[in-house]
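Trainee:
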């Protein structure tokens, strides 16, 4: 009886954690796909070149993984096909443990994306978390033959419903934008303010003298101490945004972009951009022409590509470059639209939901 109680508690904990992790990522499958692409890039360079081909299917793989996390978590808690579930979770956690160990040991991917953008873990924290889950799932694996391999009919229906809902939510999030935005560029964020520390940064200085180590909050004036390292004390005061920059062949335009009313068409890659809704952008460019709202293009492509694209569309506006990772962080759509007012993010739109001129003007009028 005691053993069964302990096993049930483990099932609740492990299943709940997988459901929580999966739901956060179901909210943003594109973000999970971006993280998988990072891993595939690293593996193709460090392990074998064939990993690069998986980048083309990163999004369907991401949907499969996040939906599997939710469904397997539900199955584990409700007791549906427990033997299969324990096997599947065991294989999944082995895969995740390998990823997080590789990230931590080789310092390759500094954020595993285990909980999306909602909860940030260091590579070693992610690895330790996975090791704990590996041990707990290992316990369930040892006693797997004591579990029923079926489950009540209501539980099976619950699993089916969780599968359908998870897939539906994932597809909806892909075709629009995440339901909940956990990123640094979410609506309401003032980018210039987020680029500043929330408090004065404080450091401590690690020094050595006569083989002993000393820590000072002020750099010592005694020359007999030898400097070893400087450590930041209040890491929580670091800027939430540290990589936002916009430029073109004429120089840096970051400050200019963050002043006044700007409607920014963000493009991750011009060559891979979805072109089915560009007519809506044509209408928007024409409608905002001569208004106080400046429309511009920021893309992670060469300036030649950007200028060529703008000329091809017949748009009378300026084009700028930005880092692809930054654009992907800001916008889970290629292309997408972001409305800024003195650097404050007012709205973000997926290309399938591009607003008309009246709606854009109405946003600034609020």
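In my numbering, the protein residues as written are 4 to 369. Glycine included, every Cβ here is placed at the ideal spot set by N, Cα and C. Keep in mind the model is a prediction, meaning the values are calculated, not measured.
Within the same chain, show all residues whose beta-carbon is closer than 7 Å to that of residue 341, passing over the 5 residues directly before and after it, in chain order.
Mentor: Within the chain shown, numbered from 1, the residue matching residue 341 stands at position 338. Here the set comprises 267, 269, 333, 334, 348, 351.
Trainee: Output the boundary residues of the alpha helix (DSSP H) element that contains residue 147.
Mentor: Indexing the chain shown from 1 puts residue 147 at position 144. Segment: none, residue 147 is in no alpha helix (DSSP H) and carries neither H nor E.
Trainee: Using 8 Å as the threshold, is the C-beta distance between residue 73 and residue 169 below it?
Mentor: In the chain shown, residue 73 corresponds to position 70, counting from 1. In the chain shown, residue 169 corresponds to position 166, counting from 1. It is a contact, given that the beta carbons lie within the stated cut-off.
Trainee: Reducing DSSP to helix, strand and coil, say where residue 206 ends up.
Mentor: In the chain shown, residue 206 corresponds to position 203, counting from 1. If DSSP states are grouped into helix, strand and coil, residue 206 belongs with the strands.
Trainee: Please give the ranges of any alpha helix (DSSP H) in the stretch 121–145, keeping only runs that are unbroken, at least 4 residues long and fully inside the region.
Mentor: Unbroken alpha helix (DSSP H) runs of no fewer than 4 residues, entirely contained in the stretch 121–145, are found at 126–145, following chain order.
Trainee: For the beta strand (DSSP E) that residue 303 lies in, which residues bound it at each end?
Mentor: Walking along the chain shown from the start, residue 303 turns up at place 300. That residue, residue 303, is in no beta strand (DSSP E); it is neither H nor E in DSSP.
Trainee: Would you kindly work out how many angstroms separate the C-alpha atoms of residue 125 and residue 106, rounded to a whole number?
Mentor: Here residue 125 refers to the residue found at position 122 of the chain shown. Here residue 106 refers to the residue found at position 103 of the chain shown. Their backbone Cα atoms lie some 9 Å apart in a straight line.
Trainee: For residue 3 and residue 356, I'd like the C-alpha separation in whole angstroms.
Mentor: There is no way to answer for residue 3, as the model of the chain reaches only from 4 to 369.
Trainee: Residue 220 and residue 232 look like a contact to me (Cβ under 8 Å); what is the Cβ gap, rounded to whole Å?
Mentor: Numbered from its first residue, the chain shown carries residue 220 at position 217. Numbered from its first residue, the chain shown carries residue 232 at position 229. That pair is no contact at about 14 Å.
Trainee: Classify residue 367 as helix, strand or coil using the three-state DSSP reduction.
Mentor: Position 364 of the chain shown, counted from the start, is the residue given in the question as residue 367. Helix.
Trainee: Return the first residue and the last residue of the beta strand (DSSP E) that residue 231 is part of.
Mentor: By one-based count along the chain shown, residue 231 stands at place 228. Per DSSP, residue 231 belongs to the beta strand (DSSP E) from 229–235.
Trainee: What three-state label does DSSP hand residue 76 in the structure shown?
Mentor: Along the chain shown, one-based indexing puts residue 76 at 73. Helix, per DSSP.
Trainee: According to DSSP, simplified to helix, strand and coil, what is residue 82?
Mentor: Against the chain shown, residue 82 aligns to sequence position 79. Note: residue 82 maps to coil in three-state DSSP.
Trainee: For the putative contact between residue 84 and residue 154, defined by C-beta atoms under 8 Å, what is the C-beta separation to the nearest angstrom?
Mentor: Walking along the chain shown from the start, residue 84 turns up at place 81. Walking along the chain shown from the start, residue 154 turns up at place 151. Right, the Cβ-Cβ distance comes to about 7 Å (below 8 Å), so this counts as a contact.
Trainee: Could you tell me the boundaries of the beta strand (DSSP E) in which residue 191 lies?
Mentor: On the chain shown, residue 191 is found 188 positions in, with the first residue counted as 1. That residue, residue 191, is in no beta strand (DSSP E); it is neither H nor E in DSSP.
Trainee: Could you check what DSSP says for residue 251 in three-state terms: helix, strand or coil?
Mentor: Taking the first residue of the chain shown as position 1, residue 251 is located at position 248. Strand at residue 251.
Trainee: Going by C-alpha distance, which of 45, 6, 286, 159 is nearest residue 110?
Mentor: Here the question's residue 110 lines up with position 107 in the chain shown. Out of 45, 6, 286, 159, 45 has the C-alpha closest to the C-alpha of residue 110.
Trainee: Pull up the distance between the alpha-carbon of residue 295 and that of residue 274, whole angstroms please.
Mentor: Locating residue 295 in the chain shown gives position 292, where the first residue counts as 1. Locating residue 274 in the chain shown gives position 271, where the first residue counts as 1. Computed Cα separation, rounded: 31 Å.
Trainee: With a threshold of 8 Å, are at least 3 pairs of Cβ atoms found where one atom belongs to the stretch 240–259 and the other to the stretch 182–200?
Mentor: yes
Trainee: Between the Cα of residue 362 and the Cα atoms of 143, 283, 254, which residue gives the shortest distance?
Mentor: Locating residue 362 in the chain shown gives position 359, counting from the first residue. Here the closest residue by C-alpha is 283.
Trainee: At which residue ranges does the stretch 17–47 contain complete beta strand (DSSP E) runs of 3 or more residues, listed in the order of the chain?
Mentor: none
Trainee: Using only the alpha-carbon positions, how far apart do residue 3 and residue 4 sit?
Mentor: Only positions 4 to 369 of the chain appear in the structure, and residue 3 is not among them; the question remains open.
Trainee: Which word fits residue 213, buried or exposed, when buried means at least 16 other C-beta atoms lie within 10 angstroms of its C-beta?
Mentor: For the purposes of this step, residue 213 is taken as the residue at position 210 of the chain shown. Burial call: exposed.
Trainee: Quick one: what does DSSP say residue 262 is sitting in, helix, strand or coil?
Mentor: For the purposes of this step, residue 262 is taken as residue 259 along the chain shown, with counting starting at 1. Residue 262: coil per DSSP, three-state reduction.
Trainee: DSSP on residue 14, reduced to helix/strand/coil?
Mentor: Taking the first residue of the chain shown as 1, we reach residue 14 at position 11. In the structure shown, residue 14 sits in a helix (DSSP, three-state: H, G or I).
Trainee: Would you check if the distance between the CB atom of residue 337 and the CB atom of residue 277 is smaller than 8 Å?
Mentor: Position 334 of the chain shown, counted from the start, is the residue given in the question as residue 337. Position 274 of the chain shown, counted from the start, is the residue given in the question as residue 277. Their beta carbons are under 8 Å apart, which means residue 337 touches residue 277 by this criterion.
Trainee: Cutting at 8 Å between CB atoms, please list the residues of its own chain near residue 165, excluding the five before and the five after it.
Mentor: Within the chain shown, residue 165 is the residue found at index 162, counting from 1. Only 73, 74, 77 meet the Cβ criterion.
Trainee: Considering just the uninterrupted stretch of the beta strand (DSSP E) at residue 344, what are its terminal residues?
Mentor: Taking the first residue of the chain shown as 1, we reach residue 344 at position 341. That run of the beta strand (DSSP E) goes 339–344.
Trainee: Please decide whether residue 234 counts as near chain C, where near means a Cβ-Cβ distance under 8 Å.
Mentor: Note that chain C does not occur in the displayed structure, where there is just one protein chain.
Trainee: Going by alpha carbons, who is nearest to residue 360 out of 298, 353, 317?
Mentor: What you label residue 360 is simply residue 357 of the chain shown in a count that begins at 1. Answer by Cα proximity: 298.
Trainee: Closer than 7 Å to a non-hydrogen atom of the ligand COA - does that hold for the CB of residue 318?
Mentor: The ligand COA is absent from the structure shown, which contains no ligands of any kind.
Trainee: Give a yes or no on contact between the stretch 130–138 and the stretch 49–68, applying the rule of three or more CB pairs nearer than 8 Å.
Mentor: Short answer: they don't touch.
Trainee: At the level of alpha carbons, what is the spacing between residue 178 and residue 353?
Mentor: Looking up residue 178 in the chain shown gives position 175. Looking up residue 353 in the chain shown gives position 350. Each residue's Cα considered, the two are about 8 Å apart.
Trainee: Are residue 326 and residue 248 touching if we call contact CB-CB under 8 Å?
Mentor: Position 323 of the chain shown, counting from 1, holds the residue named residue 326. Position 245 of the chain shown, counting from 1, holds the residue named residue 248. Contact: yes.
Trainee: Take residue 321 and list the residues in its own chain whose beta-carbon comes closer than 6 Å to its own, dropping the five residues that flank it on each side.
Mentor: Taking the chain shown and counting its residues from 1, one reaches residue 321 at position 318. Excluding sequence neighbours, residue 321 sits near 299.
Trainee: Pull up the distance between the alpha-carbon of residue 16 and that of residue 26, whole angstroms please.
Mentor: As a working mapping, residue 16 is identified with position 13 in the chain shown. As a working mapping, residue 26 is identified with position 23 in the chain shown. Those two C-alpha atoms are separated by around 15 Å.
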